[in-house]
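Q: Have a look at the structure that comes next, please.
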Amino acid sequence: MNKTIFITGASSGLGKATAKLFAAKGWTVIATLRNPEKETELSQLPNVHLLQLDICNTNQIKDVTTKAEQISSVDVLYNNAGYALGGDLEATSAEQIERQINTNFLGTILVTKAFLPYFKKRKNGIIISTSSIAAYIPEPFIAVYGATKAALEMWTASMSFELEKVGISIKTIVPSSMQTSFLGNADMAFEPDYQADFNNYIGKLMSDADSVADKPEDIANVVYDAVTDDKKQLCYFAGNDAIQKYERLKKEGLESVMGDTKKLFFE
Numbered sequence: 001m002n003k004t005i006f007i008t009g010a011s012s013g014l015g016k017a018t019a020k021l022f023a024a025k026g027w028t029v030i031a032t033l034r035n036p037e038k039e040t041e042l043s044q045l046p047n048v049h050l051l052q053l054d055i056c057n058t059n060q061i062k063d064v065t066t067k068a069e070q071i072s073s074v075d076v077l078y079n080n081a082g083y084a085l086g087g088d089l090e091a092t093s094a095e096q097i098e099r100q101i102n103t104n105f106l107g108t109i110l111v112t113k114a115f116l117p118y119f120k121k122r123k124n125g126i127i128i129s130t131s132s133i134a135a136y137i138p139e140p141f142i143a144v145y146g147a148t149k150a151a152l153e154m155w156t157a158s159m160s161f162e163l164e165k166v167g168i169s170i171k172t173i174v175p176s177s178m179q180t181s182f183l184g185n186a187d188m189a190f191e192p193d194y195q196a197d198f199n200n201y202i203g204k205l206m207s208d209a210d211s212v213a214d215k216p217e218d219i220a221n222v223v224y225d226a227v228t229d230d231k232k233q234l235c236y237f238a239g240n241d242a243i244q245k246y247e248r249l250k251k252e253g254l255e256s257v258m259g260d261t262k263k264l265f266f267e
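The sequence shown runs 1 to 267 under this note's numbering.
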């Protein structure tokens, strides 16, 4: 039986790789982007439908959910849209903070809420959301970003109680760094007092990107496994970097890991 996945944030990186993978597997893919008219690759695939969606736009969420269900009954919702914000809190504007929270957390909740009536009616459905290792291991200059991902993890775990009784499963994918433009497209803000530390932090992240970052196609395979493995598993650490960091966290403890981070970036 042909199945359908609805993906937010499908314009590039992990979202696009996931859309291509599921399309290759024979799924109907409803891929949403803020500017679908600019997408030339996914638009060429016969079983991919492009819809415009900014998950910070509550009115648009309702309309797009209705359109998606008219195209095909959605079996899987993949909340992947995200926004990266880096820098110290003092330099960060209220608008940037609101966008970070609205995109990474509130928007995900509202898109999920919009699909719940359809999933409950069919007593079936899978909800997957992209989290981050930053939800578990703090890093400097991405405090708000990490907080939104930690909130997403707790929300997912809490939602699992109320969704299981109506036949819906909910899970997170937890990658670390990926070979995408996500960091390069991030908003950056910093006060002069932090400039040297901030530049050092970003420089080391960028220099390590090619050696430790995972390919989005590899993380997309984890998304596919999470959708199809029928496991009651909440969290999927995805990629070598995320798995290694989480294993180290369990072994050494949070304070030790944070101490090493401080030495790496500030000493």
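Ideal placement from N, C-alpha and C gives every residue a C-beta, glycine not left out. Bear in mind that the values here come from a model prediction, so they are computed numbers and not experimental data.
Counting C-beta neighbours from all protein chains within 10 Å, is the total for SER93 16 or more, i.e. buried, or is it exposed?
A: exposed
Q: Quick one, are the C-beta atoms of ASN124 and GLY82 less than 8 Å apart?
A: no
Q: For LYS171, write down the residues that DSSP places opposite it in a beta bridge.
A: ILE128
Q: Sorted by chain position, which residues of the same chain lie with C-beta nearer than 6 Å to THR268's C-beta, five sequence neighbours on each side aside?
A: No answer is possible for residue 268: it lies beyond the span of the chain, which begins at 1 and ends at 267.
Q: When the Cα atoms are used, what is the spatial distance from HIS49 to ALA31?
A: Approximately 6 Å between the Cα atoms of the pair.
Q: Check for me: the beta strand (DSSP E) holding GLN52 runs from which residue to which?
A: 48-52
Q: Run through the region 52-104 for me and flag every whole beta strand (DSSP E) of 3 or more residues, listed as ranges in chain order.
A: 76-79 and 85-87
Q: Write down every uninterrupted run of the alpha helix (DSSP H) in the region 230-260 whose length is 4 residues or greater and which is fully enclosed by it, in chain order.
A: 240-252
Q: Excluding the five sequence neighbours on either side, which residues of its own chain have a C-beta within less than 7 Å of the C-beta of ALA150, listed in chain order?
A: ALA135
Q: Do the CB positions of THR65 and ALA114 come within less than 8 Å of each other?
A: For THR65 and ALA114, yes; Cβs fall inside 8 Å.
Q: Check whether the Cβ atoms of LYS165 and TYR236 sit closer than 8 Å, and answer yes or no.
A: no
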